[in-house]
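Residue numbers (the working numbering), protein chains in the order written: chain C, 1 to 349; chain D, 350 to 698; chain W, 699 to 1047; chain L, 1048 to 1396. Here a beta-carbon is modelled for each residue, glycine too, at the ideal position from N, C-alpha and C. Structure, as structure tokens:
Number of protein chains: 4
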Amino acid sequence: MKDGRIGIGVVGYGYWGPNLVRNFATVERAQVVSICDADTSRLTLGKRIYPSVVTTTRFLDLLNDSEIDAIAIATPVCTHYELALAALRAGKHVLVEKPVAQTSDQVRHLMDEAERRQLVLMVDHTFLYTPAVQKIRGLITSGALGEIYYYNSIRASLGLFQSDVNVIWDLAVHDFSILLNILDRTPAAVSATGTSHIAGTPENMAHIALFFQNNCIAHISVNWLSPVKIRQTLVGGSRKMVVYDDMEPTEKIKVYDKGITVNGSLEAAQQLKIGYRAGDMWAPHLPAKEALQTEVKHFIECIQTGAHPISGGITGLNVVEILEAASQSMAGQGKPIHLSQEKVVEPVL
Amino acid sequence: MKDGRIGIGVVGYGYWGPNLVRNFATVERAQVVSICDADTSRLTLGKRIYPSVVTTTRFLDLLNDSEIDAIAIATPVCTHYELALAALRAGKHVLVEKPVAQTSDQVRHLMDEAERRQLVLMVDHTFLYTPAVQKIRGLITSGALGEIYYYNSIRASLGLFQSDVNVIWDLAVHDFSILLNILDRTPAAVSATGTSHIAGTPENMAHIALFFQNNCIAHISVNWLSPVKIRQTLVGGSRKMVVYDDMEPTEKIKVYDKGITVNGSLEAAQQLKIGYRAGDMWAPHLPAKEALQTEVKHFIECIQTGAHPISGGITGLNVVEILEAASQSMAGQGKPIHLSQEKVVEPVL
Amino acid sequence: MKDGRIGIGVVGYGYWGPNLVRNFATVERAQVVSICDADTSRLTLGKRIYPSVVTTTRFLDLLNDSEIDAIAIATPVCTHYELALAALRAGKHVLVEKPVAQTSDQVRHLMDEAERRQLVLMVDHTFLYTPAVQKIRGLITSGALGEIYYYNSIRASLGLFQSDVNVIWDLAVHDFSILLNILDRTPAAVSATGTSHIAGTPENMAHIALFFQNNCIAHISVNWLSPVKIRQTLVGGSRKMVVYDDMEPTEKIKVYDKGITVNGSLEAAQQLKIGYRAGDMWAPHLPAKEALQTEVKHFIECIQTGAHPISGGITGLNVVEILEAASQSMAGQGKPIHLSQEKVVEPVL
Amino acid sequence: MKDGRIGIGVVGYGYWGPNLVRNFATVERAQVVSICDADTSRLTLGKRIYPSVVTTTRFLDLLNDSEIDAIAIATPVCTHYELALAALRAGKHVLVEKPVAQTSDQVRHLMDEAERRQLVLMVDHTFLYTPAVQKIRGLITSGALGEIYYYNSIRASLGLFQSDVNVIWDLAVHDFSILLNILDRTPAAVSATGTSHIAGTPENMAHIALFFQNNCIAHISVNWLSPVKIRQTLVGGSRKMVVYDDMEPTEKIKVYDKGITVNGSLEAAQQLKIGYRAGDMWAPHLPAKEALQTEVKHFIECIQTGAHPISGGITGLNVVEILEAASQSMAGQGKPIHLSQEKVVEPVL
């Protein structure tokens, strides 16, 4: 605790760390105590903006600082497990970048450790805190979209090529967390193909299909080598359909009263009469909130009330299991990998 | 011949037939002689606009009409083979809707029949006659795009659900013909998955990957159940990249001087330095020509000069072989199907 | 009458005439009898598509043809008055391109002539027959938009420079007819400025303000020298606002539940509290009907039933009076020109 | 000076002030010393992010602080003159929000004061520091666009209604500064009309025409009551034309190789043959720099080197003179107001 507020340590001050610090800095019940990074030039940058924050190159300083109650981890994926485990063992709550770890076994260890010590383990699946995803979830759970037929998503842009994870772990991970959240279920099987256009680097383009029950199918295309930035998702239901374009400054979500109606005998397919319904389009107003702001407040609240986070260990685990299955399928040129269906989906408020 | 012009008979006056008639009607060296359709109300419609054209419900009338030199077939796919074969045997040149037939064996029979009788067999792969596809082909063959890394395409809209073919045969067929044309090569393997959301009907949504040599990969998403119409293709090359959006009224093609540059040792992937190149965008002016107009003129020209059509039997055959492989893969839940590589690609002018 | 149908003669077969012929050709109760144009090459073109139609270079042939009941005039503006007057005097109903004539006096003569002979005089203000404009009119008359604050419109594209009329008479004329139709009132004053960038030619760029009662103001920008085609209209009301983009293939109309609310004392402006309301957007489904099809059917109906056309002489007269005032204001560098307010607006069904 | 860096005081920490502080905070040669605002809750907000900055409600504290070398003024327009004058008299360099003052007389006083004391007086016309405007300026000065025919601009959005200035002073001011910068000349006359839809408040919608020599005309529409945000500018030249859409995330500028060519005798307008040229479109890559970052660096540089700022007093004066003329014209319902042409345009690097 620092000045009666939850003391925060942030490790990793590269691309995402500054966003974490900026958002924690404006939460009344939190206080950023310390920033840790191996690169001192980044620390200098942080120090200039936040002169009162302690900077250090040693992670141990965060663990040993009694003013620090929680540690936010924004380092490369390959370091997540070790840092998160050390933080939990030092009695700190943990907010860790997605994906939470490199293997599902690691995630289970972290979950056990957090549970035994009664600490919050939360994964930074930021999209779950956007007004857009929350609106889509609401449209599905209220039944407005009807039965969900498909989820088609594209995430494409130029860069950033990463060396320790492939494009699925970097971009498709967002869709996996969104799907678990809005559908409240896990897929039965995964099939993925991918390509690397540069020898010796991870796949920079991939296409993943997730098969859910009842003919619901999700398809996700991810691409680090696109000339234009695309963030487009279609959700097709039996009653209505949604187009979610995250590149739109406003009107990110458009709900179409469109679809088909089937008449006639199902026995005789040739006699099926398919009607087309073309109705109005509706773009619900979405509040202009920064998702990360909502998320860090939720993290602080979970620490204070003991509530279970929306993106806790279970979500993190489910996501990593899909990532593992996708990688396995990609190695087998699209061979379907089946997932066990006994997963419990994170309780969502 | 009619009045010194190539006499044309059109069979099928539903969705596409009227476009064929309208375009043949404005070609100076051609003359639409007769329209055939089983539905007399459609014939009445045609007669009102073109009072001097003969209408009939019997295909035999077209075969027996000595004023008719060529027959354009715009009927359901399942009838193509029989009608085209009868037309060729009656000594008529043939322009047939895509895909040319239901099996590659049928296509080979048609090709043999046409060759033996020295008749033109042309397939209506309309996209090959668009200024947009011809520009992309030019950019690739000139080397402007560099080595081709990928081709990603989406064709989505609401309807029209068809009962005799699935969505791959209806929509992906366009991309197959475009790929053969712009790349001048056939794929080594095909993997496809698809779903039908209405029991007893063909797949209405599918995702197809075509694997070419040298890590060039094409991915095509087709969907009859989309609330919005999407016709978007990305072509990524090592030098430049193209976005082709067919829904744009003008500026359908945008060429991006964007890409990555790789420095450093290929042996040590971790040391790879990937640079990003973000240059200008350029939208070449495309003439506002209707593709079908260009195509019917090309058909007439091939009849008169004996030239080989851009979209002749070889293209038609290659396309149907990919369609067959895609269907086979889809039945095996994405199992890769390998194609023989000995295909000869259609000679393109 | 021809075969029990209203016989139509069309004079002028350049840009718009073919559209008239094509639309009349599909109306069951009408029959295009004859096409007249001074240019025989155009007549040849028409004859090829409609071999049974009589073509002539002499307008007199249309007047003398007893099979012709109505004449559609699609010639340059400077010829409208003379041709329409001759047609009425020959006992023919008249559909004339917008604007109906070059002066309001001419329009009054035509109205008198039509009334005396009990003939239909209709002006081809096509926009009034679009589903989009009819939807906007409905939103206003139902009170959904509240009090109308403003109408802002842009019509810009490259060409076609005309030699007999300026850009106001060519493009702003559309907005004038739309305004009269949706507001059911005429403006109190007009102010316009314009520029010609090519010596010796009419103004190719102009900005027009129309002042209505109650602080309702319309502003229209028209431009023949724009690199992009823009057809965009904003209608701002106290309750809701509309964006009408005619370049959108679908969703031409978007209704925004946005606006301001004023609280506080009107006496003390400084204390005014202005609140902003940002609600949902809604794009009503519009039927995909061709406006000209609706219009020619309406013309035939008026002939058969004696009904008053939506775009009859009164609309035509009001539009020409605004055009005259705009030209006068433009000559005076924006000097406001006041219009009498006693106009009767066309009765709209 | 503070720690060898230019010490900065910022007065006004409402909407724009935080942007100024954030940008000065990252400039190496500057140091934000103090923030002043009458509202202590805003100061608390600033203090939380920048704990080492001194906050005060008294402007006098900034004047008396010897560590402060320059004062940035981000307060309401009506306070600019008084605060800037006091700052200059206290020997501080001044960066003041646009417009620099309420009258041209006030601007002249400030210019005199700054010149006498050899202090930098810079106006925050941010747009002049955007890569987009700098690119347009380059295209014009290099002759690439040819002779400039027109500049048409729209700035529309919902809010923020201001009580001390009308929409021209708030939004059109941007276009005035851009025009002076890219054309290197001042207008000969101004005509403006405007409307207030809420009794007792300044005009919330206005249309302004600026007349330059050689038939070059600028037209600007500004609107606080639009349901959608529009920032669109067209610049038409005899050789090429530019569309500048500031709402585009990338590709803000598109250069069209389009235009008209005039053949034939200028004496006989009827015989003029106007040809249309429809060539390629080109979107030059623009660096992703924040304009305010460029601007504050330029301010620091001018202080250190004594260079004349791009947006110094002369630009500020020219802009205010146009604003005065526009207000005067608006009061006279669009009566053209002539401006003297002897202005010296700011020397641009």
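| message | Pairs of beta-carbons, one from the region 628 to 635 of chain D and one from the region 1321 to 1330 of chain L, closer than 8 Å: are there three or more? | response | When Cβ pairs closer than 8 Å are counted between the two stretches, the region 628 to 635 of chain D is seen to touch the region 1321 to 1330 of chain L, the count reaching three or more.
| query | Touch check for the region 154 to 167 of chain C and the region 210 to 217 of chain C: three-plus C-beta pairs under 8 Å? | reply | no
| field | chain W within 8 Å of Ala1219 (chain L), Cβ atoms only | value | no
| message | In chain order, what are the residue ranges of uninterrupted alpha helix (DSSP H) at least 4 long that sit wholly in the region 957 to 1034 of chain W? | response | 989 to 1003 and 1011 to 1029
| query | Under a CB-based cut-off of 8 Å, is Glu648 (chain W) close to chain C? | reply | Shown here, chain W extends from 699 to 1047; a query on residue 648 (chain W) therefore has no answer.
| query | Considering only residues of the same chain and omitting the five flanking positions on each side of Ile351 (chain C), which have a CB-CB separation below 6 Å? | reply | Any answer about residue 351 (chain C) is impossible in this case: the structure gives chain C only from 1 up to 349.
| field | Partners in chain D for Ile733 (chain W), counting only beta-carbon separations shorter than 7 Å | value | In chain order: nothing, as chain D lies at least about 14 Å away.
| C-alpha distance - Lys1182 (chain L) paired with Thr1280 (chain L), whole-angstrom precision | 14 Å
| DSSP-derived helix/strand/coil call for Cys734 (chain W) | strand
| query | Using the C-alpha atoms, what's the distance from Arg703 (chain W) back to Ala728 (chain W)? | reply | Their backbone Cα atoms lie some 5 Å apart in a straight line.
| query | Are the beta-carbon atoms belonging to Tyr847 (chain W) and Leu1272 (chain L) less than 8 Å from one another? | reply | yes
| message | Quick check on DSSP: helix, strand or coil for Gly440 (chain D)? | response | coil
| query | With a CB to CB cut of under 6 Å and the five nearest residues on each side skipped, what residues in its chain are close to Ala1338 (chain L)? | reply | Thr1173, Tyr1176 and Thr1177
| field | Ordered list of beta strand (DSSP E) runs contained in the region 79 to 160 of chain C, each at least 3 residues | value | 93 to 97, 121 to 124 and 148 to 158
| message | By the three-class DSSP mapping on this structure, what secondary structure does His546 (chain D) have? | response | coil
| Residues of chain D with a CB under 8 Å from the CB of Lys258 (chain C): which are they? | Leu507 and Pro576
| Residues that Ile1300 (chain L) bridges to, as DSSP identifies them | According to DSSP, Ile1300 (chain L) bridges with L:Tyr1291.
| field | CB of His778 (chain W) within 8 Å of CB of Leu817 (chain W), strictly | value | no
| Touching by the beta-carbon criterion (3+ pairs, under 8 Å), the region 411 to 425 of chain D and the region 382 to 393 of chain D | yes
| message | Looking at Leu180 (chain C): is its Cβ nearer than 8 Å to the Cβ of Asn19 (chain C)? | response | no
| Buried or exposed: where does Cys776 (chain W) fall if 16 or more other Cβ atoms within 10 Å of its Cβ makes it buried? | exposed
| task | Could you spell out the range, first to last residue, of the beta strand (DSSP E) harbouring Gly9 (chain C)? | result | Ile6 to Val11
| Listed by chain order, chain W residues near Ser1268 (chain L) by CB distance under 8 Å | Under the 8 Å cutoff, chain W gives Asn850, His917 and Ser919.
| field | Test item: CB-CB of Ile686 (chain D) and Ser678 (chain D) under 8 Å | value | yes
| query | Taking the alpha carbon of Gly1185 (chain L) as the point to measure from, which residue in L:Pro1356, L:Tyr1060 and L:Val1302 has its own alpha carbon closest? | reply | L:Val1302
| task | Alpha carbon to alpha carbon, how far is Ala799 (chain W) from Ile1012 (chain W)? Give it in angstroms, no decimals. | result | In a straight line, the C-alpha of Ile1012 (chain W) is about 13 Å away from that of Ala799 (chain W).
| field | Nearest neighbour of Gly549 (chain D), chosen from D:Arg534, D:Ser676 and D:Ser512 [CA to CA] | value | D:Ser512
| Who are the neighbours of Ile623 (chain D) on chain C, taking C-beta pairs under 7 Å? | Phe161
| Residue span of the beta strand (DSSP E) that contains Asn1261 (chain L), given as start and end | Asn1261 (chain L) -> no beta strand (DSSP E), and no H or E assigned at all.
| message | Can you list, in chain order, the residues of its chain with a C-beta nearer than 6 Å to that of Val805 (chain W)? Leave out the 5 residues immediately preceding and following it. | response | Sequence-distant Cβ neighbours of Val805 (chain W) in its own chain, meaning closer than 6 Å and more than five residues away, are Val798, Ala799, Gly1014, Leu1015 and Val1018.
| task | Please classify Tyr364 (chain D): is it buried, with 16 or more other beta-carbons within 10 angstroms of its beta-carbon, or exposed? | result | exposed
| When burial is assigned at 16 or more other CB atoms within 10 Å of the CB, is Ala132 (chain C) buried or exposed? | buried
| request: Verify whether the separation of the beta carbon atoms of Ala189 (chain C) and Ala326 (chain C) is less than 8 Å. | output: no
| message | To the nearest angstrom, how far is the alpha carbon of Leu559 (chain D) from that of Asp461 (chain D)? | response | Using only the alpha carbons, I get a separation of about 28 Å.
| task | Per DSSP, which residues does Gly237 (chain C) bridge with? Please list them. | result | C:Ile148
| request: Using the Cα positions of Val920 (chain W) and Ser802 (chain W), report the straight-line distance between them to the nearest angstrom. | output: 22 Å
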